[in-house]
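Student:
There are 2 protein chains.
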Amino acid sequence: MSVLIVGSTALDSIKTPHAENPRLLGGSASHAAVAASFFAPVKLIGVVGEDFPKKYLQLYRRHQIDLAGLQILPGKTFHWSGEYEANMNHRRTLLTELGVFETFTPTLPRSHQATPFVLLANIAPALQLHVLDQMRRPRFVVADTMDLWLNIALADLLKLLRRIDGFVLNDSEAQQLTQEDNVFAALQKIHRLGPKYVIIKQGSHGSILSSPKGFFLCPAYPLRKVVDPTGAGDSFVGGLMGYLASAKGSVEANLRRAMIYGSVVASFCCEGFGLNRTAKLQRAAIEQRVTELERLTKF
Amino acid sequence: MSVLIVGSTALDSIKTPHAENPRLLGGSASHAAVAASFFAPVKLIGVVGEDFPKKYLQLYRRHQIDLAGLQILPGKTFHWSGEYEANMNHRRTLLTELGVFETFTPTLPRSHQATPFVLLANIAPALQLHVLDQMRRPRFVVADTMDLWLNIALADLLKLLRRIDGFVLNDSEAQQLTQEDNVFAALQKIHRLGPKYVIIKQGSHGSILSSPKGFFLCPAYPLRKVVDPTGAGDSFVGGLMGYLASAKGSVEANLRRAMIYGSVVASFCCEGFGLNRTAKLQRAAIEQRVTELERLTKF
Chain F
201 MSVLIVGSTA LDSIKTPHAE NPRLLGGSAS HAAVAASFFA PVKLIGVVGE DFPKKYLQLY
261 RRHQIDLAGL QILPGKTFHW SGEYEANMNH RRTLLTELGV FETFTPTLPR SHQATPFVLL
321 ANIAPALQLH VLDQMRRPRF VVADTMDLWL NIALADLLKL LRRIDGFVLN DSEAQQLTQE
381 DNVFAALQKI HRLGPKYVII KQGSHGSILS SPKGFFLCPA YPLRKVVDPT GAGDSFVGGL
441 MGYLASAKGS VEANLRRAMI YGSVVASFCC EGFGLNRTAK LQRAAIEQRV TELERLTKF
Chain H
201 MSVLIVGSTA LDSIKTPHAE NPRLLGGSAS HAAVAASFFA PVKLIGVVGE DFPKKYLQLY
261 RRHQIDLAGL QILPGKTFHW SGEYEANMNH RRTLLTELGV FETFTPTLPR SHQATPFVLL
321 ANIAPALQLH VLDQMRRPRF VVADTMDLWL NIALADLLKL LRRIDGFVLN DSEAQQLTQE
381 DNVFAALQKI HRLGPKYVII KQGSHGSILS SPKGFFLCPA YPLRKVVDPT GAGDSFVGGL
441 MGYLASAKGS VEANLRRAMI YGSVVASFCC EGFGLNRTAK LQRAAIEQRV TELERLTKF
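Protein chains in written order, with the working numbering: chain F, 201 to 499; chain H, 201 to 499.
Spelled out as structure tokens, the structure:
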């Protein structure tokens, strides 16, 4: 089955203590779509400007990503620029130029409206809701978010939470949303806001699933060197949804393994700037790390 | 087989946002010894003053802890007082009265010198070395430490590292010791300092073992409420060594499971002030959480 993914499609200029890379392919939807493409057919919903490099369209196409829902509009592509500190856990935004993204209204081609799996990657909750409004009874809907929307669009986000199956956020966002320091106490409160499945991302510490069947503690793949963590969270949820769309059986039965696949794709994402490493990935390399994670957690 | 444990034996006065508990049984050796006692016979090496409450000696004895190596000297028991902030990750020391601990020289009874498993719980590295000097070819020696010794006794600690099999420290100590932000890069550097087995504790995120056979990612048991985390790290390493001493087969083969048992005992430790919860623990409750951790990590 296929996955519809909406989110940002951007150009990222990323600075680390070791290198500077201008105008990489970035954005939540780009990372999630490429990550999902290793497992299932992907339909991308997004917007770019006329300056969007042809090579990035080719990159999408090499991953068999359906671009019928990608609008190319007069104007500039959303451009984000950020800088990481030495330990990669802190980054600051240097620049945000919204460009054509400022007036983006995601409109779904008719052919996309019955896609069974829907990933509302990080983007304004009002746009996530707008996409959901156009879908015809999707089988499984997951939304990701970021601290910005908790600060400036909480009402929309709370409305969204009542309409989705799964919600993905990181630990500090969970704390901000619930006022709970303890992640397991926070999970309980988030379920009460709507979603049956809640996943809390903890970066290099892995992630936690809370579902009607209890918790799953999902490890992160051990990396000795992180080149650029931008997009790792988007890759995680993209890989997760791609795997779910490809797997037989119930979502509940497949979700743990889906998180493992997401975690592995995210680990590759961190090993290169932007999508440099992920875009070169082969399925066999993914399977190898999944097997390794089994070995690393067995007792 | 039995475990010899040396470390601090103290009275802890602990304040949290919710409660205040004066003069609890504390210290690295107390926590480690009680944790280990659920699995194997324990020989405690330590010092207390004449003010040490009889009920705490009884508590040790109820756990069949051999007290032949516990000195009771004229003067006051080591007294530590600390306060936790709301999220329990930050604590500050309010008071440290060394008392009889100031001139403590751990002297091993002859009967203790051939104990096969040795845990050098957190205490000055010079004292850890002094204990090691008195041992006759122990089978497996593990040392724990804290940031204080990295700051004021690094030379002793480095000497110790060349003489032990396993070293346990937390992530910020590993970073301080190696100047590496990345925990897996830090592990590589710590091996070069001597120990074959290195375990990095990450609090509620679990722990990581690095051994000649690779990494093991050990989960922490999920807790919705932490009452008092004091002694959790000591309980972890105590439970680990107790399990190792009780298990048949090679240390390498048992180490992963030993960490799981340590992690479970540490989770109980966090659920009460001082040793309140741990001291009431039954082996069956430990086994239940071990089984639960298997379920929580399987994919």
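Quick reminder that beta carbons are idealized off the backbone N, C-alpha and C, glycines included.
Source: prediction; values computed, not measured.
#1: Would you tell me roughly how many angstroms separate the C-alpha atoms of Ala210(H) and Asn382(F), rounded to the nearest one?
#2: CB-CB under 8 Å to Gln506(F), same chain, minus the five flanking residues each way: which ones, in chain order?
#3: Within 8 Å of any Cβ in chain F, is that where the Cβ of Val426(H) sits?
#4: At 9 Å on the CB atoms, spell out the chain H contacts of Gln402(F), in chain order.
#5: Taking 8 Å as the cut-off, decide whether the C-beta atoms of Phe239(F) and Ser446(F) are in contact.
#6: Within the region 287-353 of chain H, note down every full beta strand (DSSP E) run reaching 3 residues or more, in order along the chain.
#7: How is His279(H) classed by DSSP in three states: helix, strand or coil?
#8: Skipping 5 residues on each side, what residues in its chain have a beta carbon closer than 6 Å to that of Val341(H)?
#9: CA-CA distance, Ala466(F) and His330(H)?
#10: In the DSSP assignment, the alpha helix (DSSP H) including Phe416(H) goes from what residue to what residue?
#11: Go through its chain and collect everything with a Cβ distance to Leu190(H)'s Cβ below 8 Å, but skip five positions before and after it.
#12: Following the continuous alpha helix (DSSP H) through Ser407(H), name the residue where it begins and the one where it ends.
#13: Can you pull the chain F neighbours of Thr497(H), defined as C-beta to C-beta under 7 Å?
#14: Does any CB atom of chain H fall closer than 8 Å to the CB of Ile460(F)?
#15: Tell me whether Phe252(H) sits in a helix, a strand or coil according to DSSP, three-state version.
#16: By the three-class DSSP mapping on this structure, what secondary structure does Ser202(F) have?
#17: Which term fits Arg292(H), buried or exposed, when burial requires 16 or more other beta carbons within 10 angstroms of its beta carbon?
#18: Determine which residues of the region 468-480 of chain H have a Cβ less than 8 Å from any Cβ of chain F, and write them out in chain order.
#19: Looking at the structure shown, is Val383(F) part of a helix, part of a strand, or coil, going by DSSP?
#20: Please classify Ala386(H) as buried or exposed, where buried requires at least 16 other C-beta atoms within 10 Å of its C-beta.
#21: Taking only three categories from DSSP, how would you classify Leu260(H)?
#22: Compute the beta-carbon to beta-carbon distance between Tyr421(F) and Ser450(F), rounded to the nearest angstrom, for a pair I have assumed lies under 8 Å.
#23: Kindly indicate if chain H contains any beta-carbon less than 8 Å away from that of Pro422(F).
#24: In its own chain, which residues sit with a C-beta less than 7 Å from the C-beta of Gln375(F), not counting the 5 before and 5 after it?
#25: Take Asp428(F) as the anchor and find which of Leu481(F), Gly439(F), Tyr284(F), Val437(F) has the nearest alpha-carbon.
#26: Leaving out the 5 sequence neighbours to the left and right, which residues in its chain are closer than 6 Å to Gly439(H) when beta-carbon positions are compared?
#27: What residues in the region 354-386 of chain F have a beta carbon less than 9 Å from any beta carbon of chain H?
Tutor: According to the structure shown:
#1: The alpha-carbon atoms of Ala210(H) and Asn382(F) are separated by roughly 29 Å.
#2: For chain F, the structure presents residues 201 to 499; residue 506(F) sits outside this window and is missing.
#3: Yes, because at least one Cβ of chain F sits closer than 8 Å to the Cβ of Val426(H).
#4: Here the neighbours are His405.
#5: Yes, the Cβ-Cβ distance between Phe239(F) and Ser446(F) is below 8 Å.
#6: DSSP runs (the beta strand (DSSP E)) wholly in the region 287-353 of chain H: 291-297, 317-320, 340-344.
#7: The answer is strand: DSSP assigns His279(H) an E or B state.
#8: Contacts found: Val318, Ile364, Asp365.
#9: Going by the C-alpha atoms only, they are around 47 Å apart.
#10: Segment 414-418 is the beta strand (DSSP E) holding Phe416(H); no alpha helix (DSSP H) there.
#11: This structure cannot settle anything about residue 190(H), because the visible part of chain H is limited to 201 through 499.
#12: Premise fails: Ser407(H) lies in the beta strand (DSSP E), 407-411, not in any alpha helix (DSSP H).
#13: Those are Leu417, Thr497, listed as they occur along chain F.
#14: Output row for Ile460(F): interface = yes.
#15: In the three-state reduction of the DSSP assignment, Phe252(H) falls in the coil class.
#16: Ser202(F): coil per DSSP, three-state reduction.
#17: The Cβ neighbour count for Arg292(H), taken over all protein chains shown within 10 Å, is under 16; the residue is labelled exposed.
#18: If the cut-off is 8 Å between Cβ atoms, the region 468-480 of chain H has nothing near chain F.
#19: Helix, per DSSP.
#20: The residue is buried, with at least 16 neighbouring Cβ atoms inside 10 Å.
#21: Looking at the sequence itself, residue 260(H) is Tyr, so the reference to Leu does not match. DSSP places Tyr260(H) in helix when its eight states are reduced to three.
#22: Between Ser450(F) and Tyr421(F) the Cβ distance is about 26 Å, and since that is not below 8 Å, they are no contact.
#23: At least one chain H Cβ lies under 8 Å of Pro422(F).
#24: Hits under 7 Å: Asp381, Ala386.
#25: Ranked by how close their Cα comes to the Cα of Asp428(F), the residues Leu481(F), Gly439(F), Tyr284(F), Val437(F) have Tyr284(F) in first place.
#26: The answer, listed in chain order, is Ala235, Tyr461, Gly462, Val465.
#27: Within the region 354-386 of chain F, the qualifying residues are Gln375, Asp381, Asn382, Val383, Phe384, Ala385.
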